[in-house]
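Trainee:
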Amino acid sequence: MKRIWTFSVLALLAVIPVVAPHIDEDPRQAPSLRAAALELEATSTDAVSTAPSATLLTNDPQTAPHAISDALVSDIEAVPAGESIDVTTYWISSPRVASALAAAFGRGVQVRILIDGGRRSRSSAARSLDDLLNAVATDSSWLRRTDGAARGAGGIMHEKTYRFSRVGDVPWVTVTGSWNTAESADLGEYAAMLRLAGRQDVYELWSDIAEEQRAGRSAGGVAREYAGADWSAYFLPAADSRATDPVLRRLRSIPSRPGTVVRVAMFSMWGDRAGWLSRRLARMSRGGADITVVAGPTVSRSARSTLRRGGVRVVAGCFRDGDFVHGKDMSASWVRDGVRREWTWIGSDNWTSRGMSSDQAVLGIRDAAVYDQFGAAFARASRRPGGVVGRACPFG
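Just add 1 to the spot in the sequence shown (first one is 1) and you have my numbering.
(1) In angstroms with no decimal places, state the Cα-to-Cα distance between A68 and E213.
(2) Pick out whichever of G155, V110, D291, A230 has its Cα sitting closest to the Cα of G119.
(3) Exposed or buried, which one is Q201 when buried takes at least 16 other CB atoms within 10 Å?
(4) DSSP on A1, reduced to helix/strand/coil?
(5) Between which residues of its own chain and R35 is the CB-CB distance below 8 angstroms, once the five residues before and five after are set aside?
(6) For Q63, does the three-state DSSP call read helix, strand or coil?
(7) Rounding to the nearest angstrom, what Cα-Cα distance links R381 and D140 in this structure?
(8) Whole angstroms are fine: how far does the CA of T345 sit from the CA of A101?
(9) Between G217 and the rest of its own chain, which residues show a CB-CB distance below 7 angstroms, the 5 nearest in sequence each way excluded?
(10) Would you mind giving the Cβ-Cβ distance between V163 and L58, rounded to the nearest angstrom? I have them listed as a contact below 8 angstroms.
(11) State the beta-bridge partners of F320 as determined by DSSP.
(12) Where does D338 sit, in a helix, a strand or coil, going by DSSP?
(13) Between R310, R367, W335, P298, which has its C-alpha nearest G391's C-alpha?
(14) Can you grab the Cα-Cα spacing for the pair R97 / I255, in whole Å?
(15) Could you give the distance in angstroms between the alpha-carbon of G289 and the alpha-carbon of A266?
(16) With distances taken between CB atoms, is the gap from I93 to I86 smaller than 9 angstroms?
(17) Quick one: what does DSSP say F379 is sitting in, helix, strand or coil?
(18) For the alpha helix (DSSP H) containing P395, name the first residue and the last one.
(19) To the nearest angstrom, report how far apart W207 and H159 are at their CA atoms.
(20) Determine the DSSP secondary structure at V203, reduced to helix, strand or coil.
(21) Compute the minimum distance between the beta carbon of D368 and the heavy atoms of the ligand NAD, and state whether it is under 8 angstroms.
(22) Does any residue of chain B have a CB that is nearer than 9 angstroms to the CB of F396?
(23) When the Cα of A198 is compared with those of R321, D187, D170, which residue comes out closest?
(24) Which first and last residues belong to the alpha helix (DSSP H) in which A72 is found?
(25) Between F236 and W173, what straight-line distance do the alpha-carbon atoms span, to the nearest angstrom?
(26) Kindly list the residues whose CB is nearer than 8 angstroms to the CB of P66, restricted to its own chain and excluding five residues on each side of it in sequence; keep chain order.
(27) If we count the other Cβ atoms within 10 Å of its Cβ and call it buried at 16 or more, is G388 buried or exposed?
(28) Nearest by alpha-carbon distance to I114: which of D324, S179, L130, A183 is it?
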């Protein structure tokens, strides 16, 4: 029997911000971000054609080098006229994605793009979209460049998010993760994007943050953290400290004992932040947790050493042919109250001090299928032979 979701049902999933979420069972819940603005219209009788879904998109330069861009282009091409596409990303240089966005604009889709204002934003693809979307001054379609972090005084715009008001018959599609919109990312990077469809709560949350980014509102030095029934999210920038680090808070909430399994794919770890996060992972490992880290090109030697001394399995995530792990991702499984929890977090946040000062977004989902999808992608990267570190890594 086909399952129909109405706005009144989805209203029960409305986003609830929390100061320090306990992953899946913290009962302490603060007021809504926009007071009533994130409450869904329970009086509406419009129906959603499909149930909410979660899918992990992964890019493997060896076996599936265009998997993420193919999926995004497919979504872009399926957005009907009159709907909207919102892109908040570090940079755009992929001709395929840029062409799909231009075609969407041409058929009457509202296309809004916010990218970092650094040198990467001057690609021919970005310039073409700039000329097209900004040819006529309008609030409905545009391309804008940030001066550093949109919600901070320093850093960069480092988030990588696509939002679609509707893809075919499916509303409220949010795709976020670690994939840069570039052909080079297709051909050389292990990356992931988490796609949630039919989830108005998540879509509206990202929409609110995007409005703050466009307006240049300050984040106020504290990470924004949110939790729903089966998901969590955080947004940076924030002050670079243990007290404000949402990753450290998450790690402290996971049991450090046998039966806990943690998998981390991380492009970059350095600075003070890498120190306290690597020490926490090492402490969890000493407590009996099974922890593996695939360390990308800019994971510092000190972080790798701290992890190894704690019993963490550290695998090189850079390869002589130029491929490398670009993820900023983690999965964790543990048992509490006799129930196994399986969580996966996908996003743009490198575990670095600079990462704390930039626009970042990380989305977590408690979903066994997504957990298994991440595990399969993680296995492919972690088991690839010939990984190198240090000067042997050709990155950069």
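For each residue, glycine too, the CB sits at the ideal point set by N, CA and C.
Mentor: Checking against the coordinates, here is how it stands:
(1) For the purposes of this step, residue 68 is taken as the residue at position 67 of the sequence shown. For the purposes of this step, residue 213 is taken as the residue at position 212 of the sequence shown. Roughly 31 angstroms between the two C-alpha positions.
(2) Taking the first residue of the sequence shown as 1, we reach residue 119 at position 118. Considering only alpha carbons, the answer is G155.
(3) As a working mapping, residue 201 is identified with position 200 in the sequence shown. Per the 10 Å Cβ criterion, buried.
(4) Residue 1 lies beyond the range of the chain shown here (2 to 397); nothing can be said about it.
(5) On the sequence shown, residue 35 is found 34 positions in, with the first residue counted as 1. In this prediction, R35 has a pLDDT of 37, which is less than 50 and means its spatial position is unreliable; nothing more can be read from the coordinates.
(6) As a first step, residue 63 must be located in the sequence shown, where it is residue number 62. Here Q63 sits in coil by DSSP.
(7) Translated into positions along the sequence shown, residue 381 becomes position 380. Translated into positions along the sequence shown, residue 140 becomes position 139. Annotation: R381 to D140 spans about 44 angstroms, alpha carbon to alpha carbon.
(8) Position 100 of the sequence shown, counting from 1, holds the residue named residue 101. Position 344 of the sequence shown, counting from 1, holds the residue named residue 345. One C-alpha to the other measures close to 29 angstroms.
(9) Walking along the sequence shown from the start, residue 217 turns up at place 216. If we look at G217 and ignore the five residues flanking it on each side, its Cβ neighbours are A151.
(10) Along the sequence shown, read from residue 1 onward, the residue named residue 163 stands at position 162. Along the sequence shown, read from residue 1 onward, the residue named residue 58 stands at position 57. According to the sequence displayed, residue 163 carries Tyr and not Val. Contact flag wrong, Cβ pair sits at about 11 angstroms.
(11) Counting from one through the sequence shown, the residue named residue 320 turns up at place 319. Paired residues: G388.
(12) For the purposes of this step, residue 338 is taken as residue 337 along the sequence shown, with counting starting at 1. D338 falls in the coil class under three-state DSSP.
(13) Your numbering for residue 391 matches position 390 in the sequence shown. Considering only alpha carbons, the answer is P298.
(14) Mapped onto the sequence shown, residue 97 falls at position 96. Mapped onto the sequence shown, residue 255 falls at position 254. For R97 and I255, the gap between their C-alpha atoms comes out near 41 angstroms.
(15) Mapped onto the sequence shown, residue 289 falls at position 288. Mapped onto the sequence shown, residue 266 falls at position 265. Distance between the alpha carbons of G289 and A266: 20 angstroms.
(16) Mapped onto the sequence shown, residue 93 falls at position 92. Mapped onto the sequence shown, residue 86 falls at position 85. Using a Cβ distance threshold of 9 angstroms, I93 and I86 do not count as a contacting pair.
(17) For the purposes of this step, residue 379 is identified with residue 378 of the sequence shown, where counting begins at 1. DSSP places F379 in helix when its eight states are reduced to three.
(18) Here residue 395 corresponds to residue number 394 of the sequence shown, with the count starting at 1. Unbroken run through P395: none, as it is neither H nor E.
(19) The sequence position of residue 207 within the sequence shown is 206, counting from 1. The sequence position of residue 159 within the sequence shown is 158, counting from 1. Distance between the alpha carbons of W207 and H159 is about 15 angstroms.
(20) As a position in the sequence shown, residue 203 is number 202, starting the count at 1. Correct three-state label for V203: helix.
(21) In terms of ligand content, the structure shown is empty, and the ligand NAD therefore cannot be addressed.
(22) As a matter of chain content, chain B is missing from the structure shown, which is built from one protein chain.
(23) Working through the sequence shown from its first residue, we reach residue 198 at position 197. The residue with the shortest Cα to Cα distance from A198 is D170.
(24) As a first step, residue 72 must be located in the sequence shown, where it is residue number 71. That run of the alpha helix (DSSP H) goes 68-78.
(25) For the purposes of this step, residue 236 is taken as the residue at position 235 of the sequence shown. For the purposes of this step, residue 173 is taken as the residue at position 172 of the sequence shown. About 19 angstroms.
(26) Residue 66 sits at position 65 when you count from the first residue of the sequence shown. Correct list, in chain order: N60, D187, L188.
(27) Residue 388 sits at position 387 when you count from the first residue of the sequence shown. Under this definition G388 is a buried residue.
(28) Counting from 1 along the sequence shown, the entry for residue 114 is found at position 113. Nearest option by C-alpha distance: L130.
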